[in-house]
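In the numbering used here, the protein residues as written are 10 to 216. Cβ atoms here follow ideal geometry from the backbone N, Cα and C, with glycine treated the same way. As the structure is a computational prediction, the values presented were derived from the model and not from experiment.
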């Protein structure tokens, strides 16, 4: 089974450097252009996506709608694909978070996948719900299908680390920019091929 993992396009809070998690914000004008650039890249790459699953959070759902419409395929909302919940830190500017809570910021974004923000969830836990979804998807899908999954930046880092290295601990290495995608070949629960963080289609976009 071939999986194409897509991160949603740029949002207002991405642009302003505000922590989102399970909270949401609208796409920017650039985000709309990023979506168009991604669709053009998929067309040029001759990908034939047969099903789309998307996080129900608005920014990911909007990308899922665009992909499903383009490929004329089904779109399913899947809560397991939501971003990590950042709890009490959601809605806080990232720079302020780093100033007021430097230890929490380092643990959350750089050091500790087991760190759980107050009233939130750890990256390890968020990644496991995502992995369980992938396992079930492989059990119920054709091995020859190409399936697109639309999710979020931080949880995608955890998933890519697990698929590539078998552990979530290396998550900081797997940056996944807005509207970038990764291509994953999954057979019998094992990742036999992974190209991650592909964003060349965004290089010519103006700010």
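Distance check for residue 143 and residue 41, CA to CA, integer angstroms please. Locating residue 41 in the chain shown gives position 32, where the first residue counts as 1. Locating residue 143 in the chain shown gives position 134, where the first residue counts as 1. Each residue's alpha carbon lies about 28 angstroms from the other.
Grab me the residues of residue 31's own chain with a C-beta within less than 8 angstroms of its C-beta, minus the 5 sequence neighbours each way, in chain order.
If you number the chain shown from 1, residue 31 lands on position 22. So the qualifying residues of the chain are 66, 91, 92, 94, 95, 99.
query = So what's residue 168 in DSSP terms, helix, strand or just coil?
reply = The residue labelled residue 168 in the question sits at position 159 within the chain shown. Helix.
Checklist line | Top-ranked residue by Cα proximity to residue 191, from 215, 181, 199, 173 | finding: In the chain shown, counting from the first residue as 1, residue 191 sits at position 182. Of the listed residues, the one whose Cα sits closest to residue 191 is 173.
**Prompt:** Of the residues 136, 81, 106, which one's Cα is nearest the Cα of residue 27?
**Reply:** Sequence index remark: in the chain shown, residue 27 carries index 18 (1-based). Comparing Cα-Cα distances from residue 27 to each of 136, 81, 106, the minimum goes to 106.
Exposed or buried, what is residue 97 when buried is set at 16 or more other beta-carbons lying within 10 Å of its beta-carbon?
Working through the chain shown from its first residue, we reach residue 97 at position 88. Classification of residue 97: exposed, given that the 10 Å Cβ count is below 16.
Which of helix, strand or coil does DSSP assign to residue 60? Here residue 60 refers to the residue found at position 51 of the chain shown. In this structure, residue 60 counts as strand in the three-state DSSP scheme.
Could you pull out every residue in the same chain whose Cβ sits closer than 7 angstroms to the Cβ of residue 12, ignoring the five residues on either side in sequence?
Along the chain shown, read from residue 1 onward, the residue named residue 12 stands at position 3. For residue 12, where only same-chain residues beyond five positions count, the Cβ hits under 7 angstroms are 156, 158, 193, 195.
So, do the stretch 71-89 and the stretch 43-55 have three or more beta carbon pairs nearer to each other than 8 angstroms? yes
(request) Report yes or no: do the stretch 15-22 and the stretch 158-168 share at least 3 C-beta pairs separated by less than 8 angstroms? (result) Two segments are said to touch when three or more pairs of C-beta atoms, one from each, lie closer than 8 angstroms; by this definition the stretch 15-22 touches the stretch 158-168.
Item to complete: Give a yes or no on whether the C-beta atoms belonging to residue 179 and residue 208 are separated by under 7 angstroms.
Response: One-based indexing of the chain shown puts residue 179 at position 170. One-based indexing of the chain shown puts residue 208 at position 199. At least 7 angstroms separates the beta-carbon of residue 179 from that of residue 208.
Exercise. Taking the alpha-carbon positions, what's the residue 68 to residue 21 distance?
Worked result: By one-based count along the chain shown, residue 68 stands at place 59. By one-based count along the chain shown, residue 21 stands at place 12. Approximately 10 angstroms between the Cα atoms of the pair.
Can you round the beta-carbon distance between residue 205 and residue 169 to whole angstroms, since I take them to be within the 8 angstroms contact cut? As a working note, residue 205 is residue 196 in the chain shown. As a working note, residue 169 is residue 160 in the chain shown. With 8 angstroms as the limit, residue 205 and residue 169 qualify as a contact, their Cβ atoms being about 5 angstroms apart.
Quick check on DSSP: helix, strand or coil for residue 157?
Counting from one through the chain shown, the residue named residue 157 turns up at place 148. DSSP places residue 157 in strand when its eight states are reduced to three.
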